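To convert, count from 1 in the sequence shown and add 40; that's the working numbering.
Encoded as structure tokens, the structure appears first; notes follow it.
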Amino acid sequence: MAFTSAKRTISGRIRPRHMFLLDDSSIGDLSPKIDLITEKFTKPVVAPRISRSRLIEMLERSVSSGTSTIITGRAGSGKTALAVDFAQKCGRPVAWYKVDAPEADSRLFFHYLIGSIREQQRGFGCRALMPLIQQNMERIAWLTDAFVYELAEGKTAGPLLIVIEDLHLVFDSEWLVPFFSRLLPLLPRDVHVLITSRSLPPAPLWRMRSKQFLLVVEEETLAFTRAEAASLFESYGLSWEEANIALDHTHGRASALCEFAGFLRQSKIRPTLVSGSDGVSA
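This is the structure:
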């Protein structure tokens with residue numbers, strides 16, 4: 041593997057000037073060099089303004105009792121903020137993978153998924169996984185079993201949180217349900233998969249909730265409670281009453297609530313600054 045220079049963006053991610061080079065020379069000519077965008081492996085560094093213990097405790101219970109969690113909701117509902125907050129608090133290495141639409145191509149998806157895990161477990165997948173990906177992607181069951189074996193018994197095996205962000209972008213892929221429906225029940229106890237999505241997962245995955253392999257956190261659960269809204273507004277120096285008004289207008293939607301608080305804070309700061317300026321000039 042080779043890394044090239046990168047710069048940090050305002051959003052907190054890393055914008056690559058070049059690419060991450062995946063080169064599995066240990067398996068000979070089976071695996072060609074593939075350029076992967078390093079930003080897609082980078083966990084956002086900007087933490088949410090407040091940590092919501094109600095949701096963190098829910099994810100902790102999911103890690104203790106199941107193998108996977110899906111956080112689902114529309115844009116701005118707080119999915120990524122919760123995933124980032126939990127990743128910082130979970131006490132284990134975190135492999136982060138931001139999915140984009142081109143990864144509906146199964147080979148590209150698995151190269152990125154493996155690459156994200158290699159950020160935490162160097163050499164992951166070299167011996168068993170890469171030959172299968174290059175030779176026969178149609179044997180999803182074999183690939184899944186090899187993936188699980190690497191996580192459980194490989195030289196780099198250990199506790200891990202795998203975050204797959206925006207998986208909804210490839211929900212229509214034929215390989216997705218066969219892979220995840222086999223993977224999630226077989227995951228080692230010390231490995232947990234956390235998925236974020238703007239839509240509900242395909243029905244076969246959705247039904248895994250009843251088998252206790254999967255916890256689904258829906259948008260209604262992500263909505264701020266009155267106490268959480270009050271804590272958020274307090275961090276902006278705003279009152280409980282203002283938080284209640286904002287909550288009624290935004291229905292607890294995370295991004296809208298934060299925008300409301302930011303607007304109110306600026307509207308209070310601006311008159312103070314103008315007044316202070318007038319006082320100086322006088």
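Just so it is clear, CB atoms sit at the ideal spot from N, CA and C, and this is done for glycine as well.
Owing to the predicted nature of the structure, the values given are computational and were not obtained by experimental measurement.
query = Whole beta strand (DSSP E) runs in the stretch 214-248 with 3 or more residues, listed along the chain?
reply = 231-237
query: Would a C-beta distance cut-off of 9 Å place Gly194 and Phe164 closer than the cut-off?
result: yes
Q | Own chain partners of Gly302 with C-beta closer than 8 Å, once the 5 adjacent residues on each side are dropped | A | Tyr276
field: Ala267, buried or exposed, once every other Cβ within 10 Å from all chains shown has been counted against 16
entry: exposed
Notebook entry, point to check: Counting only runs that start and end within the stretch 127-173, where is the alpha helix (DSSP H) found for 4 or more residues in a row?
Noted result: 146-158
For this session: Alpha carbon to alpha carbon, how far is Phe300 from Ser307? Give it in angstroms, no decimals.
Result: 11 Å
- I think Asp206 touches Thr236, with their Cβ atoms under 8 Å apart; what is that distance to the nearest whole Å? 6 Å
Helix, strand or coil at Thr78 [DSSP, three-state] = helix
Buried or exposed, going by whether 16 or more other CB atoms sit within 10 Å of the CB of Ser93?
exposed
Exercise for the section: State buried or exposed for Ala186, treating a residue as buried only when at least 16 other CB atoms are found within 10 Å of its CB. Expected result: buried
Can you tell me which of Val210, Arg238 and Leu191 puts its alpha carbon nearest to the alpha carbon of Asp224?
According to the sequence displayed, residue 224 carries Leu and not Asp. Out of Val210, Arg238 and Leu191, Leu191 has the C-alpha closest to the C-alpha of Leu224.
Residue burial classification, Asp288 (beta-carbon count within 10 angstroms, cutoff 16)
exposed
What would DSSP say about Ser279, mapped onto helix, strand or coil? coil
**Study point:** Of the residues Pro228, Val257 and Lys251, the one placed nearest Leu240, counting alpha carbons only
**Key:** Val257
Please determine, among Val188, Gln174, Ile157 and Pro218, the residue with the shortest C-alpha to C-alpha distance to Leu201. Ile157
Could you tell me if Gln252 is buried or exposed, where buried requires 16 or more neighbouring beta carbons within 10 angstroms of its beta carbon?
exposed
Am I right that Arg222 and Ala181 are in contact with their C-beta atoms under 8 Å? What's the rounded C-beta distance? 6 Å
Practice item. Grab the span of the alpha helix (DSSP H) containing Ile96 for me, first residue to last. Key: Ser93 to Ser105
* Asked: Between the stretch 110-128 and the stretch 141-160, are three or more C-beta pairs nearer than 8 Å?
  -> no
_Measuring alpha carbon to alpha carbon, tell me which residue in Thr290, Val103, Ile77 and Leu254 is nearest Tyr137._
Ile77
For Ser105 and Leu99, I'd like the C-alpha separation in whole angstroms. 10 Å
Beta-carbon contacts of Ala270 that lie in its chain and below 7 Å, excluding the five residues immediately before and after
Trp280 and Ala283
Where do the ends of the alpha helix (DSSP H) carrying Ile202 lie?
Here Ile202 belongs to no alpha helix (DSSP H); instead the beta strand (DSSP E) covers Leu200 to Glu205.
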